[in-house]
Each structure stands twice: as C-alpha cells, then as structure tokens.
Amino acid sequence: MYGWFRRLLVKPKRESPQSSPSPHVPVRTPSPSVDGALSLATTSTPNPPPPFLSSTIRWSQTYDVCVCHSPVDIEEAIRLASYLENPPCGLRCFLRQRDANVGGAIPTELCQAVQSSHCWALLITPNFLLDDWCQYMMHQVLSEGPMSNRIIPLVLNLPYSQYPKELRFYYYKDLSKNPERGYTQVYKTVLKYLEDMVEEDADKVDCNMDSTSNILEGASCSPRTKLSSNYQHSAPLLSLQEIERTDAADSQGYCKSHDS
0 MYGWFRRLLV KPKRESPQSS PSPHVPVRTP SPSVDGALSL ATTSTPNPPP
50 PFLSSTIRWS QTYDVCVCHS PVDIEEAIRL ASYLENPPCG LRCFLRQRDA
100 NVGGAIPTEL CQAVQSSHCW ALLITPNFLL DDWCQYMMHQ VLSEGPMSNR
150 IIPLVLNLPY SQYPKELRFY YYKDLSKNPE RGYTQVYKTV LKYLEDMVEE
200 DADKVDCNMD STSNILEGAS CSPRTKLSSN YQHSAPLLSL QEIERTDAAD
250 SQGYCKSHDS
C-alpha cells in the first residue's frame, strides 16, 4: 500500500530531447547526372552581347534603326520595334508616333531621325506608297546613304510590280510569309553593319599609328645621317688630277674619231 502511494506521488523523469533516440531517416544523395544538371543550370549564363554593341561608333548615333512606316501600319511597326528593342536584341529604334517631338516641324523631325540613325528599315506596304511623308523619308534615306547596307526594305502585302523603282537595286525582306524571320534578318543586318563600322574604325586607327610612328622615326634622324644614307650607294669621289686625266683621255679619243 505504501509503495503504491509513493509511485503515485513521485513524478516520472522526463527525457531530454537530446537523449531521446531519433528515428532513422535515410538521406537521399543525388545521382551524378542530377548533380551535374543542377550545377550546369546554376552556372550557365546567357550569351554576352557582341563587344561592338558597346563601342563608341554605335553610341555616336542616337538610334540603331529608324523604322519608316505609314501611320496606318503602326501596329506592324510596333511589333518590329518591340522585337528589336527587347532582350536579347536590345537595339534602339525610332518610331515617329512615339519618339518625334510633339509640335515640331514634320520635315525637320524626319530629317533628324534619318541623320541620327545607323540603319533605316522601310516598312513598304500599299499604305506606305500612298503616304507623302513616307515617300519623303525614303528619298531622304536614299540621299543619306545611297547604295549602302544601311537601307533595309521590308515588304508586307505588296506585289513586286508595285515595289518602288528607287529600291530595285536593294534586296528586300518579305514579312508576309514569316514576319519573325524577317525581324531576325533585320537584327542581323544591323549587327553586321555595326561590326563592319567598328572594324573599319580600328583599321583607320592602326593606319594612323603606323604613319605617326614612321614620321617620328624620320624626324629622329639628323640631316647628316639622311644625306649619308641617300648617297651611300653613289660612286666614289675622284681627285682633281684624276678628273684632268679623264678629260684628257676623252679629248684624245674625240680627236681620233674625227680624224678617222
């Protein structure tokens, strides 16, 4: 009886969480293939932009592409500009309804847009041919860069018979069948032009450096050195006596020839 009361009054000892045995939980290790895929996914980065996109040649102009279009074709022009401006392209486009100064003179705004752009994309449609300002921009483009790779004609819902005669010598891109493919071609054309401009500028810099180094090397020579170098392959100098002997021999030979 006493033992029963004692067990009832005494509180049982609680086991600490550290001493309590934890159930065995198997740890699942990832397989080498999964581990490699995860590491590849974490380390893979998108392709960096071409280095010539950050060159001073590109930033010398305000826009990379000037999109010339009719106001009726604004939706197609916005689709083209969105494709070229959004990543991964990241180009700078000019749209008349968006980027022209409000209240400015239309001819002035269009001329400034043409002159401050590297390339010009002409969205040629039936509406383009009926718009006087589109014709104005087309002729401004032709006068600014005739027979150059800067002009990119884009044809949409237009038969070849109505294609402008001024552009017959330019390869055009048809957007009627596959617009996205045409957008990609525009992007590649602009990149190729910028790359060629950067390479041409680098060649000019190298040529100027070579000419400057040649001038400096020539200026470092003294006049005496220049004269000696110019006459180092000339005949040896003769003394006065040798000159007299030579003249006498020549005169004797001349007399004998006349006597005979």
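In numbering that gives the first Met the number 0, the protein residues as written are 0 to 259. Using N, Cα and C, we set each Cβ at its ideal position, and we do this for glycine too.
State the DSSP-derived secondary structure class of P235, mapped to helix, strand or coil. Residue placement at P235 cannot be trusted, given a pLDDT of 45 that sits under 50; what the coordinates show is reported in the next sentence. It is coil, neither helix nor strand.
If you count every other CB in all the chains shown that lies within 10 Å of the CB of Y182, and 16 or more means buried, which is it? buried
Residue interval of the beta strand (DSSP E) (run including S62): Here residue 62 turns out to be Tyr, not Ser, going by the sequence shown. Residues 62-67.
If you reduce the DSSP assignment to three classes, tell me which class S160 lands in. helix
Spatial neighbours of Q114 within its chain, please: CB distance less than 8 Å, with the 5 preceding and 5 following residues excluded, ordered by chain position. E143
Tell me the rounded alpha-carbon separation between L193 and L90. 11 Å
Exposed or buried, M136, counting other C-beta atoms within 10 Å across all chains shown (16 or more means buried)? buried
Cβ-based neighbour list, R149, same chain, cut-off 7 Å, excluding 5 preceding and 5 following: H117, C118, W119, Y192
Using DSSP with H/G/I as helix, E/B as strand and the rest coil, what is P178? helix
Residue interval of the beta strand (DSSP E) (run including C118): 116-123
Bounding residues of the beta strand (DSSP E) (the contiguous stretch that carries L153): 150-154
Give the range of the alpha helix (DSSP H) segment to which V140 is assigned. 131-143
Under 8 Å by Cβ, that's how I've got Q139 and L109 pegged, so tell me the actual separation to the nearest angstrom. 7 Å
State the DSSP-derived secondary structure class of F127, mapped to helix, strand or coil. helix
Nearest to Q134 by alpha carbon, out of S69, R57, S54? S69
For L122 and S175, the rounded distance between their alpha carbons: 11 Å
Find out if the Cβ-Cβ distance for the pair Q171, L153 is shorter than 8 Å. Looking at the sequence shown, residue 171 is not Gln but Tyr. Cβ atoms of Y171 and L153: closer than 8 Å.
Helix, strand or coil: which one does DSSP assign to C92? strand
If you compare alpha carbons, which of K203, D202, Y186 is closest to N85? Y186
V189 beta carbon less than 8 Å from that of D98: no
Would you mind sorting I151 into buried or exposed? The rule is 16 or more other CB atoms within 10 Å of its CB. buried
Who are the Cβ neighbours of L157 in its own chain at under 7 Å, not counting the five residues just before and after it? I123, T124, P125
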